[in-house]
Amino acid sequence: MRRRANRPWTLAGGADLAYGDDDRRQTIRLLTDPRLAANFLHTHRKLHPSDYDTMIRVMDLVWDCPEDGTVNVAGYLCGGCFASRAWLELAARCRDGR
Ligand SMILES: [Zn+2]
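For the sequence shown, numbering that gives the first Met the number 0 begins at 0 and goes up steadily by one.
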């Protein structure tokens, strides 16, 4: 995974309708939870909590746009190119021949 540390996550792309409102609310709640590291330790017992950027990726709370590097909250379209995560991942697989 290419790291794009120190970029803030965004909701600017708007809701990805492939996800439900409850899923989006839960993701945002987890992203802003001051107990994130404790939750990470509880759900990922075999991993050590590390920096915030790593934990939110391991917990699949954000996704990095493969086209423009925008850090997007799971359940939202890309704030840079407004494409969905599923479409961008499919396009990347086709382009890379995976
Ligand atoms: Zn994008």
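Where a beta carbon is used, it is the ideal one built from N, C-alpha and C, also for glycine.
> Could you name the residues, in chain order, whose CB is less than 7 Å away from a heavy atom belonging to ligand 1?
Replying inline: Cys64, Glu66, Asp67, Thr69, Cys77, Gly79, Cys80, Ala82 and Leu87
>> For Asp59, tell me which candidate among Asn71, Ala37 and Asp67 has the shortest Cα-Cα distance.
In response: Asn71
> Whose C-alpha, out of Lys45, Ser49 and Arg28, is nearest the C-alpha of Ala36?
Replying inline: For Ala36, the closest C-alpha among the options Lys45, Ser49 and Arg28 is that of Ser49.
>> Measuring CB atoms only, is the region 70-86 touching the region 39-48, in the sense that at least three cross pairs come out at less than 8 Å?
In response: no
>> Could you compute how far the alpha carbon of His41 sits from the alpha carbon of Arg34?
In response: 11 Å
> From what residue to what residue does the alpha helix (DSSP H) around Asp52 run?
Replying inline: Element bounds for Asp52: Tyr51 to Val57.
>> By the DSSP assignment, the beta strand (DSSP E) with Asp63 in it spans what residues?
In response: Val61 to Asp63
>> For the beta strand (DSSP E) containing Asn71, name the first residue and the last one.
In response: That run of the beta strand (DSSP E) goes Val70 to Val72.
>> With distance defined between alpha-carbon atoms, name the residue in Cys64, Thr53, Arg56 and Tyr51 nearest to Ala11.
In response: Out of Cys64, Thr53, Arg56 and Tyr51, Cys64 has the C-alpha closest to the C-alpha of Ala11.
> Just the Cα atoms here: how many angstroms apart are Phe81 and Asn38?
Replying inline: Distance between Phe81 and Asn38, taken at the CA atoms: about 30 Å.
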